[in-house]
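Residue numbers (our numbering): 4 to 470.
Glycine included, every Cβ here is placed at the ideal spot set by N, Cα and C.
A short write-up of the structure that comes next.
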Amino acid sequence: MWWPSDHPGRDRTRNVQAVIPVITPEQMRSIDAAAADPADVLIERAGAAVARSALRLLGGAYGRSVAVIAGPGNNGADGRVAAERLRLRGLKVVVHDATVCPTELFGFDLVIDAAFGTGFRGIWQAPSVGDAKVLAVDVPSGLDALTGVVADGTLAADVTVTFAAAKPGHVLGGGPDVIGLLEVADIGLDIGEPSVTIVDRSDIERWVSVRPRTAHKWRDAVRVIAGSPGMKGAAYLAAAAAQRTGAGMVVLSSPGIDAVGPIEAVDRHLPAFDWADAALADLHRFHALVIGPGLGREEHTVPSVVRTVFESVVPVVVDGDGLFAMSWNDEGTPAFLSERKVPTILTPHDGEFALLTGSRPGSDRVAAAERLAESCGCVVLLKGPTTVVAAPGAPTRLVVNGDQRLATAGTGDVLAGIIGALLAKRVGAAEAAAAGAWIHAESATVAGNAGLVASDLISAIPAVLER
């Protein structure tokens, strides 16, 4: 698949595999060591893949010139093989040793950064390359392949060619800012069943089904408990998003006040205090509960949220102030959620993650989300430029098609409503969270670039689902 690197919000990976795996540098070293083919064969294949990518990037070979910065390891060997193959195609190629590379490489059409790969931990200052395009081998030298931390002096690439699988650093932290278009090349390595994958359109097509012809309005019903004085919009956004994602019935409550929701939603009154009994009374009629957006953090709200979540007989999406309640309650930690018999999805941003765990996620966001998921027996959707979805016993999924347009008030409420509707449509909890994040991000692309607000996403959801 092809994800243009210059289109905000679009997928940024070229790959021929049905699943886009993500493996850590340490896992990659083990895979290399266990490879059936000798190292020199793998290097030849990798170098050939780099050469093919270089020709695509240049638009052909005639009259083109290339500088290759080659380091001492396998990364440099890949670059040297690519250099030789490009020479055979008639390009002018100059190879520079990374340890003594000039500070300026001007006058070339392309610079291939094969200086240092995923294991590099030193300091290296990339040369100035003028107007040349840049192709990175495996990672741009200076990018941490595990965390996405970008060192000073890293040369941003137009294209990065990696092998067998993407690395976490390609899609986390500052990685997306320096890799350009990511191409995943198959060089014959057996990576087994990946524990981390990137979500793409084909996943959504597999997970999200069309409503059957015989469906009725209660078949995919969603209960939403959200909103409070001054935060009524959060309830509206969550309810409207659930409707646009396919919920046949949405019943909305904002405890103690009249809820403000779409005209098609049912407003069901809940008291301001001790409302858990009323909320649970007919919850069995629904197929998902969304609780927490804009609900408030008053002391009297917390026990009702905790009890409603814990005793809910349907899958629950806990978002916003609901996450605060999971943290500040008599149970002490969200670990009590592991006793629930039906799925729970937590949707924290970094600050809410700190409330739940005592600290922010840190640079290894995949590991952080996985730890929280294991400790509470829940699906964890850790929001960010790359969204991480972790669940006990399931692959961790990365959603990479979001961008800065989603960093505006209310978009999280929309996401909660989307996920709630997917749960009601019988999508598995981990898949509902991942698909919801993908649909949410894709809706920003459909809605447009300038001045996007959360309600724009709601209007775009049907168009995304139609695709």
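Remark: C-beta atoms of L60 and L113 approach each other more closely than 8 Å.
Separation of the CB atoms of T102 and S131 is rounded to 18 Å, and the pair is thereby denied contact status at 8 Å. Within its own chain, the residues whose Cβ lies closer than 7 Å to the Cβ of W441, once the five positions on either side in sequence are excluded, are V202, I207, V402, N404, listed in chain order. For D161, no beta strand (DSSP E) segment is defined, and its DSSP state is neither H nor E. For I348, the closest of A424, R300, G110, M234 by C-alpha to C-alpha distance is A424. V142 places its beta carbon less than 8 Å from that of G120.
In the DSSP assignment, P28 falls within the alpha helix (DSSP H) that extends over 28–36.
A Cβ-Cβ separation of about 4 Å places V305 in contact with A328 under the 8 Å criterion. In the displayed model, K95 falls within a strand according to three-state DSSP.
Around the Cβ of K428, a 10 Å sphere holds 16 or more other Cβ atoms; the residue is buried.
Under the three-state reduction of DSSP output, D280 falls in the helix class. When DSSP assignments are scanned along the segment 310–348, the uninterrupted stretches of alpha helix (DSSP H) that are 4 or more residues long and fall wholly within it turn out to be 324–330. Looking at the DSSP output, R400 bridges to T200, V392.
Taking every protein chain shown into account, the CB of Q407 has fewer than 16 other CB atoms within 10 angstroms, so this residue is exposed. Per the coordinates, the alpha-carbon of D322 lies some 28 Å from the alpha-carbon of G178.
With contacts defined by Cβ atoms closer than 8 Å, L286 and S315 form a contacting pair. In this structure, L384 lies away from L359, with their beta-carbon atoms at least 8 Å apart.
A contact between stretches requires three or more CB pairs, one per stretch, nearer than 8 Å, and the segment 159–169 fails this requirement with the segment 379–395.
Within the segment 121–178, the runs of beta strand (DSSP E) at least 3 residues long that lie entirely inside it are, in chain order, 136–140, 162–166. Rounded to whole angstroms, the separation of the alpha carbons of A86 and G74 is 13 Å.
In the three-state reduction of the DSSP assignment, R363 falls in the coil class, being assigned neither a helical nor a strand state. Counting C-beta pairs closer than 8 Å gives three or more between the segment 46–60 and the segment 182–197, which meets the contact rule.
Ranked by Cα distance from R88, the options D333, P398, I46 are led by I46. Between V22 and N78 the beta-carbon gap is near 25 Å, outside 8 Å, which marks them as no contact. A straight line joining the alpha-carbon of V369 with that of L418 spans about 20 Å.
For A370, the uninterrupted alpha helix (DSSP H) run begins and ends at 368–379, by DSSP.
P232 is the residue among P274, P232, R67 whose C-alpha sits nearest the C-alpha of V263. Out of H99, D416, A148, A42, the CA that lies nearest to the CA of G122 is found in A148. The C-beta separation of P265 from A242 comes to about 6 Å, placing the pair in contact by the 8 Å criterion.
Pairing A37 with L192, the inter-Cα distance amounts to about 9 Å.
When DSSP states are grouped into helix, strand and coil, S205 belongs to the helix group. H173 and G259 have their alpha carbons spaced roughly 47 Å apart. Beyond the five residues adjoining it in sequence on each side, G439 comes within less than 7 Å, by CB distance, of L418, I421, I422, L425 in the same chain, given in chain order.
Contact between V199 and V227 is ruled out by a C-beta separation of about 31 Å, above the 8 Å threshold.
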